[in-house]
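A short write-up of the structure that comes next.
Residue numbers (the working numbering): 1 to 146.
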């Protein structure tokens, strides 16, 4: 397994294809949620992923302040089916937080978490802001890490 961190312009075509395929497989097919995945934010993010033999195992994208929220943020967090149960998701969140701290020089991060993951994100210092909402018919909660 290898970890990669790249900006949008640094992607190779096969990397971009593999990431988009993983996002569609998890968010659209597995979660049965048709939504516009290509949202014009990929070009503004830093992309972090684990891969093995060209297959994506885990992925997320991180943003500087003022792009998604007033605070830095990360999103599109996923672990593919073959990687689940191996703590790769925990590694991914640690890398996302470290990337934000090192590149954007802050530890204040806001995220939109699917409700079933609230406890998971709390392990990394995120707290529930009380703002709850449906996003693509999936219950979400806004969380912050100070």
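Backbone N, C-alpha and C define an ideal beta-carbon position, used for all residues, glycine too.
Best match in the options for proximity to residue i [C-alpha to C-alpha]
{"i": "residue 79", "options": "73, 119 and 59", "result": "59"}
{"i": "residue 56", "options": "62, 47 and 64", "result": "47"}
{"i": "residue 89", "options": "124, 70, 102 and 40", "result": "124"}
{"i": "residue 103", "options": "51, 52 and 64", "result": "64"}
{"i": "residue 108", "options": "69, 120 and 82", "result": "69"}
{"i": "residue 20", "options": "4, 137, 5 and 38", "result": "38"}
{"i": "residue 94", "options": "42, 23 and 50", "result": "50"}
{"i": "residue 77", "options": "84, 86, 100 and 61", "result": "61"}
{"i": "residue 5", "options": "22, 100, 114 and 41", "result": "100"}
Extent of the continuous alpha helix (DSSP H) to which residue i belongs
{"i": "residue 91", "result": "88-104"}
{"i": "residue 19", "result": "13-23"}
N- and C-terminal bounds of the beta strand (DSSP E) containing residue i
{"i": "residue 112", "result": "109-114"}
{"i": "residue 4", "result": "2-7"}
{"i": "residue 74", "result": "72-79"}
{"i": "residue 63", "result": "55-63"}
{"i": "residue 139", "result": "138-145"}
{"i": "residue 51", "result": "46-52"}
CB-CB length for residue i against residue j, believed under 8 Å
{"i": "residue 142", "j": "residue 110", "result": "7 Å"}
{"i": "residue 145", "j": "residue 126", "result": "5 Å"}
{"i": "residue 132", "j": "residue 139", "result": "7 Å"}
Assigned secondary structure, residue i (DSSP; H/G/I helix, E/B strand, else coil)
{"i": "residue 117", "result": "helix"}
{"i": "residue 31", "result": "coil"}
{"i": "residue 131", "result": "strand"}
{"i": "residue 10", "result": "helix"}
* Counting Cβ pairs, one atom from each stretch, are 3 or more of them under 8 Å apart for the segment 25-37 and the segment 2-10? -> At 8 Å Cβ cutoff, the stretches do not touch.
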